[in-house]
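Novice: Have a look at this one.
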Amino acid sequence: MEVVERAPGTRGFSVQPRRWVEERLFGWLSRSRRLSKDYERKVQTSETLIQVAMIRLLITRLAWNALKHAPNL
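Sequential numbering of the sequence shown, starting at 29, is according to my numbering.
If you want it as structure tokens, here you go:
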């Protein structure tokens with residue numbers, strides 16, 4: 029991850045390149061109750077929970093696309 033800084037002399041709101049990708053990802057992950065706070069004692073458990081949350085997101089997206097493009101019977 030890299031830090032995206034504002035251009036010098038910029039005032040007010042300005043769109044930052046590629047920043048929305050990380051913010052969207054963190055928003056998706058924060059929906060998971062177990063990831064909202066760091067309750068885990070082991071780092072390996074936290075990593076596994078992040079992987080499970082990402083797998084859940086991908087499966088949901090794949091299922092949604094499959095339903096959207098399914099032929100009407």
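We treat Cβ as the ideally placed atom computed from N, Cα and C, and that holds for glycine.
As the structure is a computational prediction, the values presented were derived from the model and not from experiment.
Leaving out five residues on either side along the sequence, give the residues of the same chain with a beta carbon under 8 Å from the beta carbon of SER64.
Specialist: Here residue 64 refers to the residue found at position 36 when the sequence shown is read from its first residue. If we look at SER64 and ignore the five residues flanking it on each side, its Cβ neighbours are SER58.
Novice: Which first and last residues belong to the alpha helix (DSSP H) in which GLU75 is found?
Specialist: Position 47 of the sequence shown, counting from 1, holds the residue named residue 75. Start and end: 71-96.
Novice: Between which two residues does the alpha helix (DSSP H) carrying ARG61 extend?
Specialist: Position 33 of the sequence shown, counted from the first residue, corresponds to residue 61. 61-64 is the span of the alpha helix (DSSP H), which, as asked, contains ARG61.
Novice: Measuring straight from C-alpha to C-alpha, what distance separates TRP56 and ARG34?
Specialist: For this step, residue 56 is matched to residue 28 along the sequence shown. For this step, residue 34 is matched to residue 6 along the sequence shown. C-alpha separation (whole angstroms): 25 Å.
Novice: Give the DSSP-derived three-state secondary structure of GLY55 in the structure shown.
Specialist: Residue numbering aside, residue 55 sits at position 27 when the sequence shown is read from its first letter. Correct three-state label for GLY55: helix.
Novice: In terms of alpha-carbon separation, which member of ASP66, ARG89 and PRO99 lies closest to ILE78?
Specialist: Here residue 78 refers to the residue found at position 50 when the sequence shown is read from its first residue. When only C-alpha atoms are compared, the closest one is ASP66.
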